[in-house]
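In this note's numbering, the protein residues as written are 6 to 533. We treat Cβ as the ideally placed atom computed from N, Cα and C, and that holds for glycine.
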């Protein structure tokens with residue numbers, strides 16, 4: 006019987022498993038629903054473009070979004086060892102100190118201020134260039150500062166022409182500005198949480214990692230979590246935990262499993278045929294995500310990574326990567342970016358931009374049938390709209406009902422439209438004139454506020470950053486306390502992005518890894 010059973014081998018789960026088993030007297034079993042991370046596209050940075058749909062995701066779509074023309078929006082969530090860190094765009098950002106300080110001031114999450122968390126971010130990091138108080142070297146997570154394609158560099162110059170200052174480090178003392186994103190890569194390859202944390206630990210005798218294991222229930226006896234039931238190779242099995250069950254299945258998977266186990270809003274559980282074990286109304290509530298809107302531009306020549314879709318260029322790029330671990334295959338495509346203001350009175354940026362050196366990279370974003378293109382994505386960093394994750398049935402294999410409730414709040418729409426306006430201004434600056442032929446999507450004919458609003462509702466999508474569904478806090482709607490212990494059940498913690506009370510002003514991979522670092526300290530009793 007292991008000391009700890011970890012449900013989910015994603016970003017946070019991999020970190021916790023590696024940190025706990027550094028003590029040879031502690032045993033851990035990790036149960037991952039998906040396969041191992043053997044797919045070759047995982048380890049090529051450019052392979053992100055192949056990952057937003059397909060067999061390494063859960064195949065989720067949202068509930069009809071009533072503020073987005075009742076669309077069911079594809080909602081990619083990883084189903085593979087490493088979780089999102091194995092299939093994401095490898096963008097490395099942390100958010101701003103104020104994000105974490107609000108967790109303390111607004112939600113009572115003592116111990117989670119940025120100054121308390123900063124050492125964990127630094128501890129996790131192996132930065133190839135940056136150091137000092139904001140960055141670490143020698144940590145498990147490889148972080149690289151790439152140069153970017155010429156058209157991505159032109160985008161950064163264009164932002165400066167618009168008045169947005171150059172920022173060489175979005176993870177430093179100042180987030181605002183434009184630049185090239187740091188990436189979670191090392192030596193020309195993706196550095197997922199598996200590569201950085203879990204695989205180096207898998208030689209330990211006290212760590213067992215099992216893939217293709219669908220956990221169906223957390224077993225609770227006399228108010229304590231004692232183990233889990235799971236399906237593997239067509240059989241149902243049970244494993245017990247000597248000390249704790251640690252749930253790291255993500256912002257969709259974690260609330261789903263809690264509810265399947267009878268932990269959640271009692272009336273909802275009864276309505277789908279689940280016998281309530283513990284009435285906890287906050288489970289599955291408070292879902293929020295970054296709502297992204299894309300615009301696509303056609304280029305005058307083969308200036309983007311699109312040219313490598315042609316067989317001879319693809320072969321050339323593959324050979325360069327195979328022989329030298331350099332070239333276009335080492336690009337994460339999402340090279341350039343910016344953090345800026347829709348509301349000039351905001352304390353920190355409320356918009357984030359991703360410049361992709363390609364068109365049609367992600368599911369649902371239009372391709373350019375001939376020639377090359379680029380994509381500029383923008384989103385509201387601190388959305389106010391809130392949704393939910395609920396059960397469709399008591400059957401574990403049924404997909405949950407995921408309702409992010411995008412654009413429910415007027416402020417989110419207003420900020421999104423300002424992001425669209427700024428995106429167009431960026432793309433019309435002189436630095437990009439030698440490259441850009443014209444706007445391909447939505448097209449110059451879409452100009453009025455009503456037309457732009459209709460475009461946002463018709464084509465906006467997830468940015469793959471769901472959080473909040475098992476939120477941390479001290480009030481009655483909190484699911485876990487500031488030590489990540491589930492309220493009302495002993496021996497059970499939730500330790501992933503679902504515990505964020507509010508979404509951070511950035512991509513969520515680095516914060517999820519930090520949560521794993523923090524959780525491992527809490528579990529070991531180190532609260533310094």
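Taking DSSP as the reference, what is the three-state secondary structure of residue i?
{"i": "residue 112", "result": "helix"}
{"i": "residue 84", "result": "coil"}
{"i": "residue 140", "result": "coil"}
{"i": "residue 55", "result": "helix"}
{"i": "residue 97", "result": "coil"}
{"i": "residue 382", "result": "strand"}
{"i": "residue 194", "result": "strand"}
{"i": "residue 72", "result": "coil"}
{"i": "residue 247", "result": "coil"}
{"i": "residue 335", "result": "helix"}
{"i": "residue 346", "result": "coil"}
{"i": "residue 407", "result": "strand"}
{"i": "residue 389", "result": "coil"}
{"i": "residue 400", "result": "coil"}
{"i": "residue 527", "result": "helix"}
{"i": "residue 79", "result": "strand"}
{"i": "residue 66", "result": "strand"}
Label residue i either buried or exposed according to how many other C-beta atoms from any shown protein chain fall within 10 Å of its C-beta, with 16 as the threshold for buried.
{"i": "residue 134", "result": "exposed"}
{"i": "residue 22", "result": "buried"}
{"i": "residue 479", "result": "exposed"}
{"i": "residue 136", "result": "exposed"}
{"i": "residue 130", "result": "buried"}
{"i": "residue 266", "result": "buried"}
{"i": "residue 417", "result": "buried"}
{"i": "residue 535", "result": "Nothing can be reported for residue 535: it is not among the residues displayed for the chain, which extend from 6 to 533."}
{"i": "residue 311", "result": "buried"}
{"i": "residue 180", "result": "buried"}
{"i": "residue 70", "result": "buried"}
{"i": "residue 533", "result": "At residue 533, the pLDDT of 41 sits below 50, so the modelled position is not reliable; the number obtained from the coordinates is stated separately. Under this definition residue 533 is an exposed residue."}
{"i": "residue 407", "result": "buried"}
{"i": "residue 75", "result": "exposed"}
{"i": "residue 348", "result": "exposed"}
{"i": "residue 427", "result": "buried"}
{"i": "residue 535", "result": "Any answer about residue 535 is impossible in this case: the structure gives the chain only from 6 up to 533."}
{"i": "residue 307", "result": "exposed"}
{"i": "residue 443", "result": "exposed"}
{"i": "residue 115", "result": "exposed"}
{"i": "residue 227", "result": "exposed"}
Rounded to the nearest angstrom, what separates residue i and residue j at their Cα positions?
{"i": "residue 346", "j": "residue 32", "result": "48 Å"}
{"i": "residue 150", "j": "residue 191", "result": "10 Å"}
{"i": "residue 318", "j": "residue 334", "result": "11 Å"}
{"i": "residue 523", "j": "residue 125", "result": "7 Å"}
{"i": "residue 146", "j": "residue 511", "result": "18 Å"}
{"i": "residue 59", "j": "residue 461", "result": "25 Å"}
{"i": "residue 163", "j": "residue 425", "result": "16 Å"}
{"i": "residue 485", "j": "residue 287", "result": "10 Å"}
{"i": "residue 446", "j": "residue 331", "result": "32 Å"}
{"i": "residue 483", "j": "residue 289", "result": "11 Å"}
{"i": "residue 514", "j": "residue 195", "result": "13 Å"}
{"i": "residue 361", "j": "residue 35", "result": "35 Å"}
{"i": "residue 506", "j": "residue 374", "result": "42 Å"}
{"i": "residue 203", "j": "residue 13", "result": "12 Å"}
{"i": "residue 213", "j": "residue 174", "result": "38 Å"}
{"i": "residue 261", "j": "residue 339", "result": "31 Å"}
{"i": "residue 107", "j": "residue 182", "result": "23 Å"}
{"i": "residue 500", "j": "residue 117", "result": "13 Å"}
{"i": "residue 78", "j": "residue 467", "result": "8 Å"}
{"i": "residue 526", "j": "residue 520", "result": "10 Å"}
{"i": "residue 381", "j": "residue 402", "result": "36 Å"}
{"i": "residue 231", "j": "residue 283", "result": "15 Å"}
Within the 7 Å Cβ cut-off, does residue i reach chain B?
{"i": "residue 287", "result": "Among the protein chains of the structure shown there is no chain B, as only one such chain exists."}
For residue i, which beta-bridge partners are listed by DSSP?
{"i": "residue 229", "result": "226, 495"}
{"i": "residue 360", "result": "341, 381"}
{"i": "residue 235", "result": "220, 242"}
{"i": "residue 11", "result": "35, 251"}
{"i": "residue 370", "result": "DSSP lists no partner for residue 370."}
{"i": "residue 534", "result": "The shown model of the chain, from 6 to 533, leaves out residue 534, and the question about it has no answer."}
{"i": "residue 215", "result": "36"}
{"i": "residue 394", "result": "407"}
{"i": "residue 188", "result": "96, 149"}
Should residue i be listed as close to the ligand GDP, given that the test is whether its C-beta is under 6 Å from any heavy atom?
{"i": "residue 289", "result": "In the structure on display, the ligand GDP does not appear, and there are no ligands present to speak of."}
Practice prompt. Note down, one range per segment and in chain order, each alpha helix (DSSP H) of at least 4 residues found wholly within the stretch 418–496.
Written response: 454–464
Worksheet item: What are the start and end residues of each continuous beta strand (DSSP E) run of 3 or more residues lying completely inside the stretch 255–329, in chain order?
Response: 290–292, 296–304
Worksheet item: At what residue ranges does the stretch 125–175 contain a whole run of the beta strand (DSSP E), taking only runs of 3 or more?
Response: 130–132, 146–148
Practice prompt. Counting only runs of 3+ residues fully inside the stretch 13–55, write out the beta strand (DSSP E) ranges in chain order.
Written response: 33–36
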